[in-house]
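Asks: Going by UniProt numbering, 315 is the number at position 315 of the sequence shown; the sequence numbering is gapless.
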Amino acid sequence: MPTGAWWTAALSEQVAGTKPLAVVCDGRQLALFRDAAGHAFALEDRCPHRRVLLSPGVVKPGGLQCPYHGWTFDGASGKCTDIPNLRRDEKIPAAAVRAYPVAEQNGFIHVFAGEGEAPQRLPAPAYRPQGREYTGTAVAGIAFDEYLDVMLDGPECLMAFPGVLITDFFLGEPRRDGAHVVLDRGAMWKGRGLGPAFVSEHPLLVRTRVPLAGGDIAIELLDAAEQALVTIQVGATANRRGTTSLAWRGFAHARANKGPPGWCLRRLAGKPPFNVFTDIEGRAIAALEKAPSLARRGIIPIASHQHAHPCAAEESFA
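1. Whole-angstrom Cβ separation of Gly250 and Glu156, contact assumed at under 8 Å?
2. Evaluate contact between the stretch 288-296 and the stretch 143-151, counting only Cβ atoms and requiring at least three cross-stretch pairs below 8 Å.
3. Which stretch, first to last residue, makes up the beta strand (DSSP E) that contains Leu152?
4. Would Leu11 and Ala140 qualify as a contact pair, given that the criterion is a beta-carbon distance under 7 Å?
5. Would you tell me roughly how many angstroms separate the C-alpha atoms of Arg266 and Gly75, rounded to the nearest one?
6. Return the CA-CA distance between Phe161 and Ile280, expressed in angstroms with no decimal places.
7. Where do the N-terminal and C-terminal ends of the alpha helix (DSSP H) with Arg209 fall, by residue?
8. Would you identify the three-state DSSP class for Leu229, choosing helix, strand or coil?
9. Can you round the beta-carbon distance between Val15 and Cys47 to whole angstroms, since I take them to be within the 8 Å contact cut?
10. Whole angstroms are fine: how far does the CA of Gly298 sit from the CA of residue 379?
11. Checking the sheet assignment: what are the DSSP bridge partners for Lys79?
12. Excluding the five sequence neighbours on either side, which residues of its own chain have a C-beta within less than 6 Å of the C-beta of Pro129, listed in chain order?
13. My output table needs one value for Gly186: the three-state DSSP class, helix, strand or coil.
14. In or out: Cys80 buried (at least 16 other Cβ within 10 Å) or exposed?
15. Check each candidate in Trp189, Val181, Pro174 and name the one with the smallest Cα separation from Thr167.
16. DSSP three-state label for residue 320, please.
17. For Val102, tell me which candidate among Ala5, Asp89, Gly136 has the shortest Cα-Cα distance.
18. Under the three-state reduction of DSSP, which class applies to Arg121: helix, strand or coil?
19. Rounded to a whole number of angstroms, what is the C-alpha to C-alpha distance between Phe33 and Asp26?
20. Helix, strand or coil, according to DSSP, for Leu158 in the structure here?
21. Judging by CA-CA distance, which residue of Phe108, Ala126, Ala99 is the nearest neighbour of Glu115?
22. Whose C-alpha, out of Leu54, Leu64, Ile109, is nearest the C-alpha of Val234?
23. On the three-state DSSP scale, how would you describe Arg296?
24. Taking the alpha carbon of Pro211 as the reference point, which residue from Asn106, Ala228, Asn85, Val182 has its own alpha carbon closest?
25. Can you tell me where the alpha helix (DSSP H) with Arg283 in it begins and where it stops?
26. Rounded to whole angstroms, what's the CA-CA distance from Leu204 to Ala40? Just pull it up for me.
27. Classify Arg176 as helix, strand or coil using the three-state DSSP reduction.
28. Just the C-alpha distance for Ala118 and Val111, rounded to the nearest angstrom, thanks.
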């Protein structure tokens, strides 16, 4: 199952102090920590001495110290740097734990889970927060590939914009943009009805960008002019036993202060402009028809990149 790619393992602020963070990334158990200079590291969460977890240990000047017998491992190389019961003149045996390349960008810690040289491009290079961010992490009770599929087939099962109705009207076909499948679907302010307002008075658009490989998902709420109102970046990766690790950041753009009274009041109160669901309803997932996710899986062709407009002809797959 593990693949060679950069994966979003955690939010930057989760890794701090002398306490490591235990995560599962691409199915691998890892211990994340920082040294005194603030550099982040990722080690296999398993001591080679007695195979106990390293993540309950503490960060020392020489690296991460195992909580069982106190062996300490360097974050960059994974080599053992100290064994407490050895005399200072005794040689440390050639023990080591696997160390993974780590890189930080835009508030996310990324881990490379492959072999050989890691690619320079990290997930979500275009995410540029403005103003207050809203963040979170969770382990979702759904398999990783299914999570990606549902983000295309029915994102309303995985997230919401409070006060906004995400419809089942696709605005154009799924299209490929680089390493992602992009899909636009209609949305509107709740309580406005699905009559002419849908295409004229209060049109909104939800755009999902789901990777063909990797786990960097982007979701945007756009207005009729396709200007972003809310931007969300979700890092997803396979956890254990058919679950998915999630770490997300998102924000409302300045133009998002315009809208119905309820929406504007939420902005003034500082309430999140979106919700990423941590508890996912299995009945709703089971009821979804497979449609645009077939393009991600290569079962139906993906259209070449073309810009869809909200006033284009809509097609419902409900």
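For every residue, glycine included, the Cβ atom is placed at its ideal position computed from N, Cα and C.
Replies: Per the coordinate set shown:
1. That belief does not hold up - the Cβ atoms of Gly250 and Glu156 are roughly 16 Å apart, past 8 Å.
2. Contact between the stretch 288-296 and the stretch 143-151 is present: 3 or more CB-CB pairs across the two stretches fall below 8 Å.
3. For Leu152, there is no enclosing beta strand (DSSP E); the enclosing alpha helix (DSSP H) has its first and last residue at 144-153.
4. Against a cut-off of 7 Å, the Cβ pair of Ala140 and Leu11 comes out as no contact.
5. In a straight line, the C-alpha of Arg266 is about 43 Å away from that of Gly75.
6. Here the alpha carbon of Phe161 sits roughly 16 Å from the alpha carbon of Ile280.
7. That residue, Arg209, is in no alpha helix (DSSP H); its beta strand (DSSP E) goes 203-211.
8. For Leu229, the three-state secondary structure derived from DSSP is strand.
9. Not really, about 20 Å apart at Cβ, beyond 8 Å.
10. This structure leaves residue 379 out entirely; the chain is present only between 1 and 318.
11. As computed with DSSP, Lys79 is found in a beta bridge with Ala96.
12. Here the set comprises Phe251.
13. Three-state DSSP puts Gly186 in a strand.
14. The residue in question, Cys80, is buried, as its Cβ has 16 or more Cβ neighbours within 10 Å.
15. The shortest Cα separation from Thr167 among Trp189, Val181, Pro174 belongs to Trp189.
16. Within the shown structure, residues of the chain are numbered from 1 to 318, placing residue 320 beyond reach of any answer.
17. With distances taken between Cα atoms, Val102 lies closest to Ala5.
18. Three-state DSSP puts Arg121 in coil, outside helix and strand.
19. Annotation: Phe33 to Asp26 spans about 18 Å, alpha carbon to alpha carbon.
20. Annotated three-state conformation of Leu158 is coil, per DSSP.
21. When only C-alpha atoms are compared, the closest one is Ala99.
22. Of the candidates Leu54, Leu64, Ile109, the residue whose Cα lies closest to the Cα of Val234 is Ile109.
23. Note: Arg296 maps to helix in three-state DSSP.
24. Out of Asn106, Ala228, Asn85, Val182, Val182 has the C-alpha closest to the C-alpha of Pro211.
25. Arg283 -> alpha helix (DSSP H) spans 282-287.
26. In this structure, the alpha-carbon of Leu204 lies about 40 Å from that of Ala40.
27. In the structure shown, Arg176 falls within a strand segment according to DSSP collapsed to helix, strand and coil.
28. Going from the Cα of Ala118 to the Cα of Val111 covers about 10 Å.
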